[in-house]
Amino acid sequence: MAPGNGTCYKPMKATSNGVFQGDTPLDFALPLAILQICLVVALTRALAFVLRPMRQPRVIAEIVGGILLGPSALGRNHEYLNTLFPVKSLTVLDTLANLGLLFFLFLVGLELDPKALKRTGKKAFAIAMAGIGLPFIMGIGTSVVLRGTISKGVSGPPFLVFMGVALSITAFPVLARILAELKLLTTDVGRMAMSAAAVNDIAAWILLALAIALSGTGSPLVSLWVLLCGAGFVIACVVILPRVFAMMAQRCPDGEPVDEIYVCATLCCVLAAGFVTDTIGIHALFGAFVVGILVPKEGAFAGALVEKVEDLVSGLFLPLYFVSSGLKTNVATIHGAQSWGLLVLVIVTACFGKIVGTVVVSLLCKMPFQEALAVGFLMNTKGLVELIVLNIGRDRKVLNEETFSILVLMAIFTTFITTPIVMAVYKPAKRESKTEYKHRTFERQDPSDQFRLLACFHSSRNIPGLINLIEASRGTEKRQGLCVYALHLMELSERPSAILMVHKARKNGLPFWNKIQQSDSSNQVVVAFEAFRQLSRVVIRPMTAISAIHVRPVTAISSMMDMHEDICATAEAREKEGCIDHPSILQTL
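Just so you know, the sequence shown maps onto residues 66 to 654 in the numbering used here.
Structural data, given as structure tokens:
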């Protein structure tokens with residue numbers, strides 16, 4: 066979008082005096098930015114709604130929305146492009162987009178727990194390395210073909226590394242979203258894919274830092290200095306920041322609001338880290354990501370940071386980055402048999418390297434072929450990090466316009482096919498037949514037996530009605546007791562905090578039970594059920610049945626459309642463990 070004749074544009078003023086003073090609002094930075102944000106959010110949300118029945122992650126809608134607003138579709142109308150996205154406004158747009166991306170990468174770092182990475186098994190580590198190594202090598206081979214055709218004249222080593230990184234990345238947040246949608250988080254496939262993707266994510270950032278260092282225009286000695294300074298920055302952060310954050314976390318006890326000064330200090334630390342890494346020559350995003358990883362995940366501190374940042378960043382500013390990327394993507398540059406053939410080559414290479422490498426190592430680790438194939442396709446998921454790599458390569462003149470467009474389409478295609486293919490190749494064992502529930506009525510139970518109930522609720526406001534329903538279910542006959550398993554149903558939203566919560570609890574049983582979350586709503590639930598237990602002599606047990614006295618909230622996390630599956634799975638799981646002989650379900654709406 067930058068002009069090729071070196072024309073200098075007059076800087077845009079921030080605000081206008083209004084139409085009554087003769088000013089056109091779109092000639093000023095603030096009203097134009099507001100219109101751009103509203104347009105982007107409306108389009109991406111509409112596309113996400115359309116793709117929702119196909120269980121596609123929102124990142125697909127955001128990437129496609131950015132492309133539609135760019136020169137590939139609506140941007141073919143130059144009047145539209147010059148009115149809504151004039152060249153002189155792109156500096157402001159890119160600044161807002163990268164600022165939002167900076168804080169979003171901080172949130173991505175919050176999703177990764179270094180302690181969990183230390184516990185990564187040998188199988189997951191081997192699968193991750195295979196999922197990186199083979200596609201990276203094949204990406205280097207593909208780069209040789211591209212340099213001989215459409216990428217002539219680009220610097221060799223940076224282009225090789227960028228292509229290898231672009232083809233070997235697995236998008237950890239997008240993968241977590243897909244697994245949650247398919248209810249595979251707690252299966253062997255889900256656990257293995259999440260562990261391998263976390264390792265892949267860290268390795269991808271290391272390779273990206275290497276690629277950025279090599280893409281400089283200076284001598285090889287400059288690239289060496291960039292790498293050494295980057296390594297020094299990471300070491301300094303690892304030594305200093307955990308102690309500082311631990312002190313902040315200790316002063317933010319659970320159940321109490323986090324002091325604003327700690328939130329502001331952390332966000333300033335994110336900005337400072339971004340400034341340092343940008344000064345070094347890596348990228349500002351790298352510093353924000355490192356800070357996010359080092360924030361302690363226990364306690365209320367990390368949750369407070371996510372709550373303060375995520376809605377504004379992911380809802381308003383992050384979509385601007387997809388538009389900024391879409392304005393650089395021109396699908397029209399892919400024309401002719403050669404270009405389309407190269408697109409097919411890149412897609413086949415990316416899929417073959419990632420899937421075959423993952424499947425072979427998974428089979429060597431004694432995984433069934435069906436599960437190994439599912440992990441292979443899941444590891445082929447691309448997302449925002451892929452787009453970041455491509456945009457950095459585009460800005461550094463490592464990728465030209467045609468190569469950039471080919472790689473963006475490759476990322477969209479590989480992510481789009483993940484959900485339907487995994488649904489086709491991997492089908493976990495079906496739940497028990499409904500016929501097995503015949504003749505399980507209250508009348509057929511012995512009145513002296515303990516009556517066990519699974520009580521489901523969405524929020525604390527459902528508790529009074531649920532308790533009344535439980536009390537009415539006791540009947541008039543004296544029983545040995547009434548045992549209630551309280552299940553908190555929580556919607557899996559599009560917010561990054563939902564994935565953070567999912568990542569913390571994914572090692573628990575089926576369905577996806579979060580046994581560690583302690584929110585104000587959960588505390589209210591504990592108090593209500595504990596009081597009911599003491600007054601009515603009812604045994605209230607958590608799903609793990611650790612105690613008949615102490616009550617802890619238990620959460621099933623899923624989308625509202627298929628939350629009923631978690632309820633049925635919970636009853637079946639408790640029955641198999643001997644906790645519920647006659648599963649009866651109560652639910653308040």
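Cβ coordinates follow ideal geometry from the N, Cα and C atoms, glycine included.
Query, Result
"State the beta-bridge partners of Ala195 as determined by DSSP.", "DSSP lists no partner for Ala195."
"Can you tell me whether Arg517 is buried or exposed? The criterion is at least 16 other CB atoms within 10 Å of its CB, across all chains shown.", "buried"
"Who are the near neighbours of Ala231 in its chain, counting only those whose CB is closer than 7 Å to its CB and skipping five residues on each side?", "Gly204, Glu451, Val454, Leu455 and Leu472"
"Which of helix, strand or coil does DSSP assign to Ala236?", "coil"
"Say yes only if the C-beta of Phe434 is nearer than 7 Å to one or more non-hydrogen atoms of the ligand SAH, and no if none qualify.", "Ligands displayed in this structure: none; no statement on the ligand SAH is therefore possible."
"Among Glu246, Val549 and Ser260, whose alpha-carbon lies nearest the alpha-carbon of Pro118?", "Glu246"
"Confirm, please, whether the CB-CB distance from Cys317 to Asp324 is below 8 Å.", "yes"
"Find the nearest neighbour of Pro300 within the set Leu289, Gly255, Ile197 and Val355, judged by alpha-carbon distance.", "As written in the sequence, residue 300 is Ile, which differs from the Pro given in the question. Answer by Cα proximity: Val355."
"Under the assumption that Met257 contacts Val409 (Cβ atoms under 8 Å), give the Cβ distance between them as a whole number of angstroms.", "So it is not a contact: roughly 30 Å between Cβ atoms."
"What residue does the alpha helix (DSSP H) around Gly458 start on, and which one ends it?", "Leu449 to Asp460"
"Assign Ala276 to buried or exposed, taking buried as 16 or more other Cβ atoms, counted over all protein chains shown, within 10 Å of its Cβ.", "buried"
"From this set, Asn82, Gly87, Val106 and Gln86, which residue's C-alpha is nearest Leu95's C-alpha?", "Asn82"
"Looking only at its own chain, which residues have a Cβ that is under 6 Å from the Cβ of Asp585, when we skip the five neighbours before and after it?", "Residue confidence is low: Asp585 scores 48 on pLDDT, short of 50, so the model does not pin down where it sits. Its coordinate-derived value is still stated next. Once the five neighbours on either side are set aside, Asp585 has no close Cβ partner at all."
"From this set, Phe85, Asp88 and Asp92, which residue's C-alpha is nearest Lys75's C-alpha?", "Asp92"
"Locate the alpha helix (DSSP H) running through Cys416, then write down its first and last residues.", "Gly401 to Leu429"
"Which term fits Gln403, buried or exposed, when burial requires 16 or more other beta carbons within 10 angstroms of its beta carbon?", "exposed"
"Any idea what DSSP makes of Arg308, helix, strand or coil?", "helix"
"How far does the alpha helix (DSSP H) with Ser470 in it extend, from its first residue to its last?", "Glu466 to Phe481"
"Report the option in Tyr386, Gly130, Tyr550 and Gly380 whose CA atom is closest to the CA atom of Leu655.", "Residue 655 falls outside the range modelled here, since the chain spans only 66 to 654, and no answer is possible."
"Using the three-state DSSP reduction, which class does Ala314 fall into: helix, strand or coil?", "helix"
"Roughly how far, in whole angstroms, is the beta-carbon of Ala278 from the beta-carbon of Leu292, given that I think they are within contact range, below 8 Å?", "5 Å"
"Among Asp88, Val173, Thr109 and Glu536, which has the Cα closest to the Cα of Ala353?", "Val173"
"Rounded to the nearest angstrom, what separates Ala613 and Ala193 at their Cα positions?", "Here the model assigns Ala613 a pLDDT of 32, short of 50, so the residue's position is not dependable, and the following value carries that caveat. Spanning the two alpha carbons is a distance of roughly 42 Å."
"On a Cα-Cα basis, can you pick out the residue from Leu429, Glu375, Trp290 and Ala311 that is closest to Ile345?", "Trp290"
"Kindly indicate which three-state DSSP category Ala79 falls into: helix, strand or coil?", "coil"
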